[in-house]
Structures are given as structure tokens and as C-alpha cells.
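Report on the following structure.
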Amino acid sequence: MIASFQRQYMSPEAYLAWEPLQEDRYEYIDGEVFAMTGGTKPHNRIAFNLASVLDGHLTGRCEVYISDVKVQVTARGPYHYPDVVVSFDPRDQNTNQLICHPCLIAEVLSPSTEAMDRGEKFRRYRQAESLREYLLVQADQKGLDCFRKSEMGLWVLQGYEAEDELVIETLGLTVPVEALYRQVRFEADVP
């Protein structure tokens, strides 16, 4: 999703009470809220394809959500809406509002959010102790980056191109990168 700036300062408690009453979705970072705007068709389709592959592989072993479920990184926030999130943790099954213990988060990149997704947002997501893999999926060409947390707690980057097979170690899944781009038409392909 694409975030647009709207300056409003509030506590995490006020945000959690206010945000469900809004027509639009808002992320919460350090007392400020940011309106989430719609993405492109390729962005949406890539997120859908990834979530479908994950959901089909995991069938009831965990929960897979796409774009409308909030992730709470720590008790005081921030709160983000990733494009795809996966949780094995039973504590996340006891709430309909939040995922607090994600094992995998994926963001589909857009020109307006790529720097934030690679930088500040990733820095915040890393505060979630349960997070093991963070995927940054390209929306304008076939390819992605996977940041994987090592046993030593270090984040290791592995890049994947169109012809590669994506390995998601946390979920025991290997899938062709091409599968994430099924029915995706890039801007150069559109007449």
C-alpha cells in the first residue's frame, strides 16, 4: 500500500480507538498517523498471488492475511498494514484486530514507498522478535529481496530474479518467483 502524510499526534490507545471508525486505513508511527492510499493493479495482484501461494501451502497451520490486517510491532506501536503477513503464534488467533507475532511480512514495493519499506519500516519491523523473514517484492519488474534472520540474530539479504525459486525457510516453502507475477501486466506491457 501507499502511505500519504497527514499530521495528527495521538497516543497508541487513542489511535486504536479512533482508527476503526475511519473510512480509510491509517498507519501509526511515533504519535503520528499516515493515511493509506490504494495501490496499482500489479501491486494488488502480486500481493494476492503471494498470499494465495502461502495460504495454499500452509492450509490451517497458520494464518495468512493480506493488506487489511494491522501488525503491532511493540506494545506502544508502531502499527502497520503490510501487504502480506503470516503468523504461527496462537496468541494471534485470539484477536480479530491485530497480528502481534508475525513470522513473515511482505511488502510490494512502489516508487513512493520503496525507500521507507527498505529503511525505516524494516527497522521497525525488526523489533518484532517473532519476525524471521521480510520480503520486498518488486512491482515494476520480476524480482524480490528476502531478508532472513540468522540463528545469530543477523539479517541476511538474498536477492531473487524472475528465473529463480524463492525459498521461504520459515514456512518450508519453495516457489518459482514467476508464480508471484501470474496475470501481472507491467506498465510497459499495457497498450
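This note's numbering applies: residue 1 is where the sequence shown begins, and numbers increase by one. Backbone N, C-alpha and C fix where the C-beta goes; we use that ideal spot for every residue, glycine too.
The beta strand (DSSP E) with alanine 35 in it runs from where to where?
32-37
Using 8 Å as the cut-off, can you tell me whether the stretch 63-77 makes contact with the stretch 145-163, which would need three or more C-beta pairs spanning the two stretches below that distance?
no
Three-state secondary structure (DSSP) at valine 73?
coil
Would the C-beta of glutamine 72 count as close to the ligand FMN, meaning under 7 Å from any of its heavy atoms?
Annotation note on the ligand FMN: not contained in the displayed structure, which lists no ligands.
Check whether the stretch 36-43 and the stretch 87-103 are in contact - that is, three or more C-beta pairs closer than 8 Å.
no
So proline 78 and glutamate 27 are supposed to be a Cβ contact under 8 Å. How far apart are they, rounded?
7 Å
Considering Cα atoms alone, identify which of Ala139, Glu163, Val167 is closest to arginine 132.
Val167
Can you tell me which of the three DSSP states alanine 139 falls into?
coil
Straight-line gap, glutamate 129 to histidine 57 (C-alpha atoms, nearest Å)
24 Å
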